[in-house]
Amino acid sequence: MSFASIMRQVVRKIELNNRQEKILQIVKENGPITGEHIAEQLNLTRATLRPDLAILTMAGFLDARPRVGYFYTGKSGTQLLTENLMKIYVKDYQAVPVVVKEDDSVYDAIVTMFLEDVGTLFVVDNKGHLAGVLSRKDLLRASLGKQELSAVPVNIIMTRMPNIAVCEKDDLLVDVAKNLIEKQIDAVPVVKKSAAGYEVIGRITKTNIAKAFVALADDD
Numbered sequence: 081m082s083f084a085s086i087m088r089q090v091v092r093k094i095e096l097n098n099r100q101e102k103i104l105q106i107v108k109e110n111g112p113i114t115g116e117h118i119a120e121q122l123n124l125t126r127a128t129l130r131p132d133l134a135i136l137t138m139a140g141f142l143d144a145r146p147r148v149g150y151f152y153t154g155k156s157g158t159q160l161l162t163e164n165l166m167k168i169y170v171k172d173y174q175a176v177p178v179v180v181k182e183d184d185s186v187y188d189a190i191v192t193m194f195l196e197d198v199g200t201l202f203v204v205d206n207k208g209h210l211a212g213v214l215s216r217k218d219l220l221r222a223s224l225g226k227q228e229l230s231a232v233p234v235n236i237i238m239t240r241m242p243n244i245a246v247c248e249k250d251d252l253l254v255d256v257a258k259n260l261i262e263k264q265i266d267a268v269p270v271v272k273k274s275a276a277g278y279e280v281i282g283r284i285t286k287t288n289i290a291k292a293f294v295a296l297a298d299d300d
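Following this line, the structure appears as structure tokens:
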């Protein structure tokens, strides 16, 4: 599922039903207005409207003040979606990284990728710092040659620093999603910076991002 299709799904999820649209219109025209007065205009009981008012308030379309009533926040569904996206961080969805050492063989890397069922491996040096990245394409390309894979170290075929996209745990997930799309890659390492280099502490993949945005859609 592409990033764009996920976003369309999220937007569809926050569409309102007819009664909720009518409530919004009443509040826009008459707010602040009490729940009782809204119910009167719709010829419904206050109890019947309570779930709709709760949904509209929790979603951010309406705000409520004690002894004053409901008023329209002026925010569209797209604006509310954007606000929610700005609250999701890498640390909320990062997964455990799968790493190999730069002197491991290409054969060992292929076995690791198969056993861990991942599409990207992160390569670390002998001090445990990020040195490179291996994709399925890198390993496939290497396996097509006539060389003995168990004799070729991964540092020969990996993408090296500094040509690697990385992120940190406090980065916004939507920014990482944009980076994945722009660079046409499947995953990025989550790193912790130090004077000696980057320590790999996690990974963000397209699957992680899809889960996050679908969860946002389900919540709405």
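Residue numbers (my numbering): 81 to 300.
The beta carbon of each residue, even a glycine, is placed where N, CA and C say it ideally should be.
Notebook entry, point to check: For residue 128, which three-state DSSP category applies?
Noted result: Residue numbering aside, residue 128 sits at position 48 when the sequence shown is read from its first letter. Reduced to three states, the DSSP call for residue 128 is helix.
Note to self: Tell me the DSSP secondary structure of residue 283 in three-state form.
What the structure shows: Here residue 283 refers to the residue found at position 203 of the sequence shown. Reduced to three states, the DSSP call for residue 283 is strand.
Notebook entry, point to check: Cα separation between residue 170 and residue 102?
Noted result: Numbered from its first residue, the sequence shown carries residue 170 at position 90. Numbered from its first residue, the sequence shown carries residue 102 at position 22. Computed Cα separation, rounded: 38 angstroms.
Next item on the list: Assign residue 40 to one of two classes, buried (16 or more other C-beta atoms within 10 Å of its C-beta) or exposed (fewer than that).
Entry: With the chain covering only 81 through 300, there is no way to say anything about residue 40.
Notebook entry, point to check: DSSP three-state call for residue 192: helix, strand or coil?
Noted result: By one-based count along the sequence shown, residue 192 stands at place 112. Residue state, collapsed to three classes: helix.
Notebook entry, point to check: Around the Cβ of residue 264, are there at least 16 other Cβ atoms within 10 angstroms (buried) or fewer (exposed)?
Noted result: Taking the sequence shown and counting its residues from 1, the one referred to as residue 264 is at position 184. Flag for residue 264 reads exposed.
Notebook entry, point to check: residue 283 to residue 143, Cα distance in whole Å?
Noted result: Position 203 of the sequence shown holds residue 283. Position 63 of the sequence shown holds residue 143. Between residue 283 and residue 143, the C-alpha separation is close to 38 angstroms.
Margin query: Which residues does DSSP list as the beta-bridge partners of residue 200?
Written below: Locating residue 200 in the sequence shown gives position 120, where the first residue counts as 1. DSSP output for residue 200 lists 215 as bridge partner(s).
Check: What separation, rounded to the nearest whole angstrom, lies between the Cα atoms of residue 257 and residue 291?
Finding: Sequence index remark: in the sequence shown, residue 257 carries index 177 (1-based). Sequence index remark: in the sequence shown, residue 291 carries index 211 (1-based). Going from the Cα of residue 257 to the Cα of residue 291 covers about 12 angstroms.
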